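Enquirer: Here's a structure for you.
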Amino acid sequence: MTKTICLTMAQALTRFLARQMTEIDGKKVPIFGGVWAIFGHGNVAGVGEALYQVRDELPTFRAHNEQAMAHAAIAYAKANFRRRFMAATSSIGPGALNMVTAAALAHVNRLPVLFLPGDVFANRIPDPVLQQAEDFSDGTATVNDCFRPVSRYFDRITRPEQIIPALNRAMQVLTDPAECGPVTLSLCQDVQAEAYDYPESFFAERVWHQRRPRPDRSELAAAVAALTGAKKPLMIAGGGVLFSQASGELAKLVQDAGMPVCETQGGKSSLPDDHPLNMAAVGVTGTSAANRLAEEADVVLAVGTRLQDFTTGSWALFKNSGKTIVGLNVQPFDAGKHQALPLVADAAEGLAELGAALKGWKAPAAWTDNAARGKKDWQADADKATASTNAAYPSDAQVIGAVQRAMGSDVILLHAAGGLPGELHKLWQAGAPGSYHAEYGFSTMGYEIAGGLGVKMAKPEEEVVVMIGDGSYLMLNSEIATSVMLGLKLTVVLLDNRGYGCINRLQMATGGANFNNLLKDARHEVLPDIDFAAHAASLGAIAEKVSSISGLETALAQAKKNTRTTVLVIDTDPLVSTEAGGSWWDVAVPEVSVRPQVNAARKKYEEALSGRP
Numbered sequence: 001m002t003k004t005i006c007l008t009m010a011q012a013l014t015r016f017l018a019r020q021m022t023e024i025d026g027k028k029v030p031i032f033g034g035v036w037a038i039f040g041h042g043n044v045a046g047v048g049e050a051l052y053q054v055r056d057e058l059p060t061f062r063a064h065n066e067q068a069m070a071h072a073a074i075a076y077a078k079a080n081f082r083r084r085f086m087a088a089t090s091s092i093g094p095g096a097l098n099m100v101t102a103a104a105l106a107h108v109n110r111l112p113v114l115f116l117p118g119d120v121f122a123n124r125i126p127d128p129v130l131q132q133a134e135d136f137s138d139g140t141a142t143v144n145d146c147f148r149p150v151s152r153y154f155d156r157i158t159r160p161e162q163i164i165p166a167l168n169r170a171m172q173v174l175t176d177p178a179e180c181g182p183v184t185l186s187l188c189q190d191v192q193a194e195a196y197d198y199p200e201s202f203f204a205e206r207v208w209h210q211r212r213p214r215p216d217r218s219e220l221a222a223a224v225a226a227l228t229g230a231k232k233p234l235m236i237a238g239g240g241v242l243f244s245q246a247s248g249e250l251a252k253l254v255q256d257a258g259m260p261v262c263e264t265q266g267g268k269s270s271l272p273d274d275h276p277l278n279m280a281a282v283g284v285t286g287t288s289a290a291n292r293l294a295e296e297a298d299v300v301l302a303v304g305t306r307l308q309d310f311t312t313g314s315w316a317l318f319k320n321s322g323k324t325i326v327g328l329n330v331q332p333f334d335a336g337k338h339q340a341l342p343l344v345a346d347a348a349e350g351l352a353e354l355g356a357a358l359k360g361w362k363a364p365a366a367w368t369d370n371a372a373r374g375k376k377d378w379q380a381d382a383d384k385a386t387a388s389t390n391a392a393y394p395s396d397a398q399v400i401g402a403v404q405r406a407m408g409s410d411v412i413l414l415h416a417a418g419g420l421p422g423e424l425h426k427l428w429q430a431g432a433p434g435s436y437h438a439e440y441g442f443s444t445m446g447y448e449i450a451g452g453l454g455v456k457m458a459k460p461e462e463e464v465v466v467m468i469g470d471g472s473y474l475m476l477n478s479e480i481a482t483s484v485m486l487g488l489k490l491t492v493v494l495l496d497n498r499g500y501g502c503i504n505r506l507q508m509a510t511g512g513a514n515f516n517n518l519l520k521d522a523r524h525e526v527l528p529d530i531d532f533a534a535h536a537a538s539l540g541a542i543a544e545k546v547s548s549i550s551g552l553e554t555a556l557a558q559a560k561k562n563t564r565t566t567v568l569v570i571d572t573d574p575l576v577s578t579e580a581g582g583s584w585w586d587v588a589v590p591e592v593s594v595r596p597q598v599n600a601a602r603k604k605y606e607e608a609l610s611g612r613p
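Take 1 as the starting number for the sequence shown in full-length UniProt numbering and just add one per residue.
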C-alpha cells in the first residue's frame, strides 16, 4: 500500500518546493532560492501558513510591491544563469495583476519564475468575493487568466490533488532549456486550505540537472559547410551563451577560427570587452566596429539570440544580399528565424562540436585584421564619449565613464530602460560572464532596483551597481527599503534628466514636437522639484546628490566602502547621446501631417525602407 501523508494543498505545495534540488559546481543546493510574498486574503491563510511551516528550508521574503518582488525573483534566476530560481505569491485581484508585467518580462527573456497568485473560491459559494472581477458571460473566468498569454505553462488548481501533476509539469518547464519561462499556478483560496492524502513519494528529494542537447549531424554538417565557405564570417553572441555558461567554448572557437564576434544586450559579457576579437555591441545600439562587419558579413553564426529588431536593425543591418544565417539555438523557434540554417543545440555543446568540426579552418586574415582595426577606431570614439567633463549637465556617456573608472569591470552592472541601455550596450566595458545584466527584452521601466536586489541575493559577494533614470526610479523604487531591511547593499546611480529623455529624443527624431515626455513639456502649473536623495534617504539608503563628474567618482569610491545601499544622484543632459555607432531602427512615421518636420522625417523613413534588403 502506498504511504500517504495528510496535508493541505498549500502545505503540499511548499513541502514539494523545498525538496527540489540542483547541483552547482559539484554541490547540491535547493533549486528554489526562496519565495517572495505579499499576503492578502487570497493567500495568507493557505499559502502563508504553509510557508511558515517550511521557513527554515524555503525562506520567505517580504517586498513592498508585487511587480517588484517578481522582478527580483526573475533577476535572481538570470544571475544564476537559470540554474536556480524563485517563486512569487500574491493575493487575488490587484496583487495578482501587479505581477503580470513581470510575467511578460520573464516570458520574453526566457527566464524561469513560479507565480502563485491566489484566486477566487473554487466552490463559488461566496462569490463575488473581495477583489473579484466578475465576467458576466463566463463564470469560470478570473483576473488570473491574464497570466495565460505570458506564461509558458498555466494551471488553475480547483482540487487539492491537482497540485501533483501541476507541480511536476511546472518543474519540467522551469528547468527545460528550450521551454524555459514563467509558470503560473493559480491557487483557488478555498482549495489552498483543503486537505488530501498525498503519497509520500511526491515529496522525495529530486535533483534537477541542466539538459544539454547536442546538434543533429546533418544540421552540423550544413553549418560547417556554410562557415568554411565564408569570406566574411561573423558571430553574434546572445543571452543563450550565458545561460549555457558557454563563454569558454565561445572564446576557443573565436580564437581558433579568428572569427570576430559581437554581442546582443542579453549576450554582452559573453566575452570580456578587452578580447581582441570582441567587437562588442551590435545593432541599433551597436558599436561602429560591430555594425560595419554586420553590414558586410556573408555568414552570420547567431548563437543563443532571438534576433530581435534591436539586434538586427529591424533587419536592415545585414546588407549582404547573399548572406547565410546559421541559428545555433536550443529553441527551434529561434534557430530557424529568417530562413536560417537551424543548428538546434545547447550553446556550449553546439560551439564545442562546431569547433571540433572546423579544426584547422580560419577566417580570412584580411577580414580578421579589418575587424581589429575597426575595434581600435571604435575604442577611440568611446574614450572621447566617456571622458571626464566639467559640464553642468553631463551626458549619460560621461556618467558611464565615471562609473567605469570608479568601479572597474569587476562589478555587476544592471540597467533596463530609457537611454541608458543604448549607451551602456555600446560603452560599458564588461568583465566576467554575467557581469552585465540588462533587461532589454521587455525593457521594463522599474525593473532596475528590484532587479539589482535579486542579483545581490544570487551573488551576495559581488558589488552590484544599478544605473537608472529618474523616470524609471519614480515608477518603482520601493525595494530600496527591502534591500536595506535584508542587509543587501546596492550602489544606485540615478541620472536625473527631468523626464523621459530617451523617448523625447525619439520623438524629435521622427519629426514630433517636444510633447509630454520631459517634465517641462508636459501639462503643468508648477514644475516638480524632486529631491531624489532625500527620498532615497527616507527609505533607509545612504544618499547624496553630486554636482559634477569628479564629485560622482569621489562618491562612488566611498560607496564601495559603505555597508548599506547607497543612492547617488546626478543631473544630466536629456538631449545628448553618443553619435558614434548605432544603426537604423524601424519606427513608423505618419504618412501625412500638418507639421513639415514630420513630413521630412517620413521622407527619410521611406528612403530607409527602400534600402532594406
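For every residue, glycine included, the Cβ atom is placed at its ideal position computed from N, Cα and C.
Here the structure is a predicted model, which is why all the values come from computation and not from measurement.
Does the Cβ of residue 189 have 16 or more other Cβ atoms within 10 Å, making it buried, or fewer, making it exposed?
Expert: Taking the sequence shown and counting its residues from 1, one reaches residue 189 at position 189. Residue 189 counts as buried, since at least 16 other C-beta atoms from the protein chains shown sit within 10 angstroms of its C-beta.
Enquirer: Check residue 375 in the structure and name its three-state DSSP category.
Expert: By 1-based counting over the sequence shown, the position of residue 375 is 375. Correct three-state label for residue 375: helix.
Enquirer: So, is residue 597 buried or exposed, given that buried needs 16 or more other C-beta atoms within 10 angstroms?
Expert: Translated into positions along the sequence shown, residue 597 becomes position 597. When all chains shown are included, residue 597 counts as exposed.
Enquirer: Please classify residue 587: is it buried, with 16 or more other beta-carbons within 10 angstroms of its beta-carbon, or exposed?
Expert: Counted from its first residue, the sequence shown places residue 587 at position 587. Residue 587 comes out exposed.
Enquirer: Among 387, 490, 314 and 41, which has the Cα closest to the Cα of residue 411?
Expert: Counting from one through the sequence shown, the residue named residue 411 turns up at place 411. 490 is the residue among 387, 490, 314 and 41 whose C-alpha sits nearest the C-alpha of residue 411.
Enquirer: Going by DSSP, which residues form a beta bridge with residue 174?
Expert: Residue 174 sits at position 174 when you count from the first residue of the sequence shown. Answer by DSSP bridge pairing: none, since residue 174 is not bridged.
Enquirer: Give the straight-line distance between the Cα atoms of residue 592 and residue 104, rounded to the nearest whole angstrom.
Expert: Counted from its first residue, the sequence shown places residue 592 at position 592. Counted from its first residue, the sequence shown places residue 104 at position 104. Spanning the two alpha carbons is a distance of roughly 34 Å.
Enquirer: Looking only at its own chain, which residues have a Cβ that is under 7 Å from the Cβ of residue 615, when we skip the five neighbours before and after it?
Expert: There is simply no residue 615 to check, as the chain begins at 1 and stops at 613 in what is shown.
Enquirer: Does DSSP classify residue 244 as helix, strand or coil?
Expert: As a working mapping, residue 244 is identified with position 244 in the sequence shown. In this structure, residue 244 counts as coil in the three-state DSSP scheme.
Enquirer: With distances taken between CB atoms, is the gap from residue 377 to residue 294 smaller than 8 Å?
Expert: In the sequence shown, counting from the first residue as 1, residue 377 sits at position 377. In the sequence shown, counting from the first residue as 1, residue 294 sits at position 294. Contact flag unset, no.
Enquirer: Report the option in 297, 309 and 612 whose CA atom is closest to the CA atom of residue 363.
Expert: Position 363 of the sequence shown holds residue 363. The shortest Cα separation from residue 363 among 297, 309 and 612 belongs to 297.
Enquirer: When DSSP labels each residue in this structure, what does residue 168 get in the three-state scheme?
Expert: Taking the first residue of the sequence shown as 1, we reach residue 168 at position 168. The three-state secondary structure of residue 168, taken from DSSP, is helix.
Enquirer: How would you label residue 440, buried or exposed, when you count the other beta carbons within 10 angstroms and need 16 or more for buried?
Expert: As a position in the sequence shown, residue 440 is number 440, starting the count at 1. With 16 or more other Cβ atoms within 10 Å, it is buried.
Enquirer: Kindly confirm or deny that the region 237-251 and the region 347-363 touch, where touching means at least three C-beta pairs closer than 8 Å.
Expert: yes
Enquirer: Can you tell me the Cα-Cα spacing of residue 83 and residue 590, whole angstroms?
Expert: Here residue 83 refers to the residue found at position 83 of the sequence shown. Here residue 590 refers to the residue found at position 590 of the sequence shown. When the Cα atoms are used, residue 83 and residue 590 turn out to be separated by approximately 46 Å.
Enquirer: Please classify residue 350: does DSSP put it in a helix, a strand, or coil?
Expert: Taking the sequence shown and counting its residues from 1, one reaches residue 350 at position 350. Residue state, collapsed to three classes: helix.
Enquirer: Which residue comes first and which comes last in the beta strand (DSSP E) that contains residue 447?
Expert: In the sequence shown, residue 447 corresponds to position 447, counting from 1. Where residue 447 is concerned, there is no enclosing beta strand (DSSP E), although the alpha helix (DSSP H) it sits in stretches over 447-458.
Enquirer: Report yes or no: do three or more beta-carbon pairs, one from the region 51-62 and one from the region 30-38, lie closer than 8 Å?
Expert: In this structure the region 51-62 touches the region 30-38; the number of beta carbon pairs closer than 8 Å is three or more.
Enquirer: Am I right that residue 264 and residue 229 are in contact with their C-beta atoms under 8 Å? What's the rounded C-beta distance?
Expert: Here residue 264 corresponds to residue number 264 of the sequence shown, with the count starting at 1. Here residue 229 corresponds to residue number 229 of the sequence shown, with the count starting at 1. Contact doesn't hold; Cβ gap of about 25 Å is too wide.
Enquirer: Does the distance from the CB of residue 54 to the CB of residue 110 come in under 8 Å?
Expert: Here residue 54 corresponds to residue number 54 of the sequence shown, with the count starting at 1. Here residue 110 corresponds to residue number 110 of the sequence shown, with the count starting at 1. No, the pair does not count as a contact, with Cβ atoms beyond the cut-off.
Enquirer: Ends of the beta strand (DSSP E) at residue 325?
Expert: Residue mapping note: residue 325 aligns to position 325 of the sequence shown, counting from 1. The continuous beta strand (DSSP E) containing residue 325 extends over residues 324-329.
Enquirer: So, under 8 Å CB-CB, residue 81 and residue 184 are touching, yes? Tell me the CB distance rounded to an integer number of Å.
Expert: Stepping through the sequence shown from its first residue, residue 81 is reached at position 81. Stepping through the sequence shown from its first residue, residue 184 is reached at position 184. In fact, because the Cβ distance is near 23 Å, the residues do not count as touching under 8 Å.
Enquirer: How would you label residue 136, buried or exposed, when you count the other beta carbons within 10 angstroms and need 16 or more for buried?
Expert: As a first step, residue 136 is located in the sequence shown; it is residue number 136 there, counting from the start. It is exposed - the Cβ of residue 136 has fewer than 16 other Cβ atoms within 10 Å.
Enquirer: Nearest CA to the CA of residue 417: which residue from 500, 537, 453 and 356?
Expert: Counted from its first residue, the sequence shown places residue 417 at position 417. Measuring from the Cα of residue 417, the nearest candidate turns out to be 500.
Enquirer: Run through the DSSP bridge pairs and tell me what residue 469 is partnered with.
Expert: Position 469 of the sequence shown, counted from the first residue, corresponds to residue 469. Under DSSP, the beta-bridge partners assigned to residue 469 are 495.
Enquirer: Residue 216: which of 327, 198 and 182 sits nearest, CA to CA?
Expert: To locate residue 216, count along the sequence shown from 1; it is residue 216. Selected option, being the one with the closest Cα: 327.
Enquirer: Is it a yes or a no for the region 527-542 touching the region 598-607, going by three-plus beta-carbon pairs under 8 Å?
Expert: Contact between the region 527-542 and the region 598-607 is absent: fewer than 3 CB-CB pairs across the two stretches fall below 8 Å.
Enquirer: Helix, strand or coil for residue 196 per DSSP?
Expert: One-based indexing of the sequence shown puts residue 196 at position 196. Strand, per DSSP.
Enquirer: Within the continuous beta strand (DSSP E) that includes residue 118, where are the two ends?
Expert: What you label residue 118 is simply residue 118 of the sequence shown in a count that begins at 1. It spans 113-119 - the beta strand (DSSP E) in which residue 118 sits, taken as one unbroken run.
Enquirer: Which value, in whole angstroms, describes the spacing of the CA atoms of residue 579 and residue 375?
Expert: Counting from 1 along the sequence shown, the entry for residue 579 is found at position 579. Counting from 1 along the sequence shown, the entry for residue 375 is found at position 375. Residue 579 and residue 375: Cα-Cα distance of roughly 16 Å.
Enquirer: Are three or more beta carbon pairs between the region 452-468 and the region 276-290 nearer than 8 Å?
Expert: A contact between stretches requires three or more CB pairs, one per stretch, nearer than 8 Å, and the region 452-468 fails this requirement with the region 276-290.
Enquirer: Measuring CA to CA, which of 75, 21 and 571 is closest to residue 447?
Expert: The residue given as residue 447 occupies position 447 in the sequence shown. The residue with the shortest Cα to Cα distance from residue 447 is 75.
Enquirer: Please name the residue in 464, 315 and 520 whose C-alpha comes closest to that of residue 559.
Expert: Position 559 of the sequence shown, counted from the first residue, corresponds to residue 559. It is 464.
Enquirer: Is the Cβ-Cβ distance between residue 236 and residue 284 less than 8 Å?
Expert: Taking the sequence shown and counting its residues from 1, one reaches residue 236 at position 236. Taking the sequence shown and counting its residues from 1, one reaches residue 284 at position 284. Taking the C-beta atoms as reference points, residue 284 is found no nearer than 8 Å to residue 236.
Enquirer: Whole angstroms is fine: what's the gap from residue 610's alpha carbon to residue 324's?
Expert: Stepping through the sequence shown from its first residue, residue 610 is reached at position 610. Stepping through the sequence shown from its first residue, residue 324 is reached at position 324. Whole-angstrom Cα-Cα distance: 21 Å.
Enquirer: Check whether the Cβ atoms of residue 223 and residue 354 lie closer than 8 Å to each other.
Expert: Position 223 of the sequence shown, counted from the start, is the residue given in the question as residue 223. Position 354 of the sequence shown, counted from the start, is the residue given in the question as residue 354. Contact flag set, yes.
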